[in-house]
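Input: a single structure, listed below in structure tokens.
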Ligand SMILES: CNc1nc2c(CC[C@H]3O[C@H](OC)[C@H](OC)[C@@H](OC)[C@@H]3OC)c3nc(N)[nH]c(=O)c3cc2[nH]1
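What follows is the structure, encoded as structure tokens:
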């Protein structure tokens, strides 16, 4: 335990990195998968189950929490960690992305974003400074700068405008965040699918000497190879000794290929959201438990797993629960998927430690391709 934020790069294996972030609230083993806890809950899960799957850190959402129950109320209740009973690190997004994707956006200018709440239609304004203030009120350990993420495809001029403004907002967030030893504020690299803009964004953010760097503006509809090309363009420009976080990514295959290019941290709603809809990720690829072929299959999803949801419940029962739209179906599949994602991250970290990440990646992809038994 340390009283500040420390990233240690422990080993590299080709482009893959094994590391650890030490913070007052605990250690984060990287490469790390961070379950999404949007409104103070990882949907359909108890947080001690989330912890048992191997999660060192979860995410919270500034946009959602500022609208309900409001950041001020969370602060009055002792902060997010106390309220949701998760005493380990929490990372919060800044809210910009969610405003663009979820709210009735009214105005976006140098000052920030003005939007209507998707909850009750009330009007809100969020500046870079207000986003950092909200994340502080929540008690967030790793805070993200306010940025503007453009959906792809987009006009180069539009991508450049948003990237330049995000750089100016990064500077304002850095000033607003100030010096908080046990916490971190990450910058977010933008620049769409344009290498020159990606490089300019990364170089300018690197000058701000922040504690970590997120790669934003990806996983917004572009093909996987474009996402990977942007990583190959951006990562060499970022400081090696700082963690890199790829926002909103992704499938197990996205994660393997992004680790191979030097990403340390991931978040994605995929395991929980698709779990609620009956899609299971397994060591043998994806399994759609709604499919009739599982109706009388008494095998579990993965007899080798140490997660009860994967090991103790038959596919027949999961099939029945999901087909019946029973809450337990989504709970068990979310639990299974999070356990599988963490098992994948553990396998990745072990393979890097042993200098055999390339083999691990090939073996894993081969198993997926072989398909479910
Ligand atoms: C899917 N592709 C995806 N997600 C991007 C998120 C949001 C991540 C966010 O994605 C959900 O919000 C919608 C999650 O809540 C459901 C959030 O968890 C708290 C999570 O926050 C990190 C981005 N956030 C910012 N600030 N900037 C980005 O450029 C960016 C890019 C993303 N691509």
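Numbering (this note's numbering), first residue to last: 14 to 386. Each residue gets a CB set at the ideal place from its N, CA and C atoms; glycine is no exception.
Three-state secondary structure assigned by DSSP to residue i
{"i": "residue 67", "result": "coil"}
{"i": "residue 265", "result": "helix"}
{"i": "residue 84", "result": "helix"}
{"i": "residue 140", "result": "coil"}
{"i": "residue 378", "result": "helix"}
{"i": "residue 79", "result": "helix"}
{"i": "residue 60", "result": "helix"}
{"i": "residue 288", "result": "helix"}
{"i": "residue 35", "result": "strand"}
{"i": "residue 278", "result": "strand"}
{"i": "residue 255", "result": "coil"}
{"i": "residue 72", "result": "strand"}
Beta-carbon gap between residue i and residue j smaller than 7 Å
{"i": "residue 198", "j": "residue 147", "result": "no"}
{"i": "residue 334", "j": "residue 66", "result": "no"}
{"i": "residue 189", "j": "residue 155", "result": "no"}
{"i": "residue 208", "j": "residue 357", "result": "no"}
{"i": "residue 41", "j": "residue 61", "result": "no"}
{"i": "residue 293", "j": "residue 346", "result": "yes"}
{"i": "residue 221", "j": "residue 187", "result": "yes"}
{"i": "residue 46", "j": "residue 34", "result": "no"}
{"i": "residue 205", "j": "residue 172", "result": "yes"}
{"i": "residue 102", "j": "residue 176", "result": "no"}
{"i": "residue 257", "j": "residue 238", "result": "no"}
{"i": "residue 310", "j": "residue 329", "result": "yes"}
{"i": "residue 236", "j": "residue 182", "result": "no"}
Residue i versus residue j - alpha carbon distance
{"i": "residue 100", "j": "residue 366", "result": "28 Å"}
{"i": "residue 385", "j": "residue 322", "result": "17 Å"}
{"i": "residue 263", "j": "residue 104", "result": "17 Å"}
{"i": "residue 215", "j": "residue 129", "result": "32 Å"}
{"i": "residue 39", "j": "residue 353", "result": "22 Å"}
{"i": "residue 296", "j": "residue 312", "result": "15 Å"}
{"i": "residue 225", "j": "residue 64", "result": "24 Å"}
{"i": "residue 247", "j": "residue 202", "result": "8 Å"}
{"i": "residue 112", "j": "residue 160", "result": "11 Å"}
{"i": "residue 48", "j": "residue 360", "result": "17 Å"}
{"i": "residue 23", "j": "residue 180", "result": "30 Å"}
Buried or exposed (CB count within 10 angstroms, at least 16 for buried), residue i
{"i": "residue 91", "result": "exposed"}
Within the stretch 165-253, note down every full beta strand (DSSP E) run reaching 3 residues or more, in order along the chain.
Whole beta strand (DSSP E) segments, 3+ residues: 197-202 and 225-228.
Which complete beta strand (DSSP E) runs does the stretch 316-366 hold, if anything under 3 residues is left out?
none
What are the complete beta strand (DSSP E) segments, minimum 3 residues, inside the stretch 88-135?
103-106, 117-122 and 125-129
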